Amino acid sequence: MKNKILILTYEEDPHADSVSSFFDKNKVSYFRVATENLERDYKITFESDSVYKISDNKKKIYLDSSWNIWNRRVMNPDNKKGMPKTLLDIVIDESELTWDGLLNFHNGKVVNRPKNHLYANNKIGQLKFASGKIKIPDTIITNDPSCVEEFYDKHNGNICFKLQKGAIVDGKVIYTNKVTKEQMKNINLVSRHPCLFQEYVDKEFEIRIVATDKTVTGIKIDSQKSEISKIDFRRYDFDNVKYKHINLPDDVKEFCSSLLTNYGLHFGVLDFIYSKKHQYTFLELNPNGQWLWLEEESGYDLTKEVAENLIN
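The sequence shown maps to residues 1191 to 1502 in my numbering.
Below you can see the structure in the form of structure tokens.
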């Protein structure tokens, strides 16, 4: 018997739209919650016998072990204008703890549990796990300017800077950037906080890998075909950068699966470089990464793999 699926997401999520469409076509039972609308549209109840109930104005579900849960994106409740910040913080915290209680302790499959997501979402841990198993870039994280200068000289100035956690500053995404001689003149600025630097690996192309319990699928990104996307493919240039499904070597697939297992994940998106030295080089794991645009650009049906993994 197919499992029933609870989708926790937000109202305008194209990833959830695509998977919901797959479930509709294949007659899979599911219940979708736009989590930011909890107060307006849903009721959630936990009882001491560990049964959660969730309802909207049409349906009520009882979350026993026959339900699998897709922890796609749990959002904070809609901000109420005029609500004092201290009260809003309580609303957000109590909502988050209620969802976390469900997701961390549900008896069925959860893709992915928040505690595992938090554990996995750290670049230091990822690189330590990968070291010795697969090629990784030489990396330092430091707030010591002299260490950065030594690292810069070690790699003949061919290094890049990236954030350990993605950020938007003044409406702009902070991308990976190569470090210039001019920037090295102000290297004392790294004293403010630990900064991540890596040797810059010259690329043939990049690969974004979507991994589930049973599938490991690589999409080739020809980022070097455009000056815009050469250093960081997230500077998208869809007119010139092509996407294509590729077959991955067994050792890369085995590494991806072992990384998910290590963190207790059922899903993850991994970024790799295929270098000019013809080596697959691991960069990072995103335990809840985006993948739908890969499907749209490559024509490869990732929705089917993601959805079937949720069904068990």
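Even for Gly, the Cβ is constructed at its ideal location relative to N, Cα and C. Quick caveat, the model's predicted, so the values are computed rather than measured.
DSSP bridge partner residues for residue i (one or two, in chain order)
i       : result
Lys1582 : Coverage of the chain is limited to positions 1191 through 1502, which leaves residue 1582 absent and any answer about it impossible.
Asn1476 : Val1459
Glu1389 : Ile1349
Asn1258 : Ile1195
Phe1236 : Tyr1242
Thr1402 : Phe1457
Lys1325 : Thr1471
Val1300 : Ile1259
Cα-Cα separation between residue i and residue j, rounded to whole angstroms
i       : j       : result
Ser1488 : Asp1422 : 19 Å
Ser1210 : Glu1495 : 13 Å
Glu1474 : Ala1497 : 23 Å
Ser1219 : Asn1302 : 20 Å
Glu1286 : Ser1256 : 23 Å
His1345 : Leu1500 : 44 Å
Thr1471 : Val1281 : 43 Å
Cys1350 : Phe1462 : 16 Å
Thr1464 : Asp1403 : Reading the sequence as shown, one finds Tyr at residue 1464 and not Thr. Between Tyr1464 and Asp1403, the C-alpha separation is close to 24 Å.
His1383 : Glu1389 : 20 Å
Gln1469 : Lys1352 : 21 Å
Gln1316 : Ile1397 : 17 Å
Ser1238 : Phe1295 : 13 Å
Thr1366 : Ile1234 : 41 Å
Val1391 : Lys1467 : 9 Å
Leu1278 : Asp1254 : 31 Å
Coil, strand or helix - residue i by DSSP
i       : result
Asp1461 : strand
Glu1394 : strand
Lys1410 : strand
Arg1222 : strand
His1435 : strand
Thr1366 : coil
Ala1357 : coil
Val1496 : helix
Lys1443 : helix
Lys1344 : helix
Ile1331 : strand
Lys1420 : coil
Met1374 : helix
Close beta carbons around residue i, own chain, < 7 Å, minus the five adjacent residues each side
i       : result
Lys1420 : Ser1413 and Gln1414
Asn1502 : Asn1193, Asn1258 and Lys1299
Asn1430 : Lys1415 and Ser1416
Gly1291 : Phe1236
Leu1492 : Val1400, Thr1407, Trp1481, Leu1484 and Glu1485
Arg1263 : Thr1199, Tyr1200 and Asp1203
Ile1326 : Leu1317, Ala1320, Thr1471 and Phe1472
Other residues of its chain near residue i: CB distance less than 8 Å, five sequence neighbours each side excluded
i       : result
Val1380 : Thr1332, Asn1333, Asp1334, Pro1335 and Val1338
Glu1229 : Pro1267 and Asp1268
Cβ shell of residue i (< 6 Å), same chain only, five flanking positions each side left out
i       : result
Lys1432 : Asp1412
Leu1162 : Because residue 1162 is not part of the residues shown, which for the chain are 1191 to 1502, the question remains open.
Glu1340 : none
Lys1305 : Asn1294
- [ ] Could you tell me whether the segment 1194 to 1208 touches the segment 1224 to 1233, where touching means 3 or more Cβ pairs closer than 8 Å?
- [x] yes
Open item on the list: Does the segment 1271 to 1278 come into contact with the segment 1242 to 1253, if we say contact requires no fewer than three beta-carbon pairs (one atom in each stretch) closer than 8 Å?
Closed with: no
Task: Touching by the beta-carbon criterion (3+ pairs, under 8 Å), the segment 1300 to 1313 and the segment 1444 to 1457 - done: yes
TODO: Decide yes or no for the touch test of the segment 1442 to 1452 against the segment 1393 to 1409: beta carbon pairs closer than 8 Å, at least 3 of them.
DONE: yes
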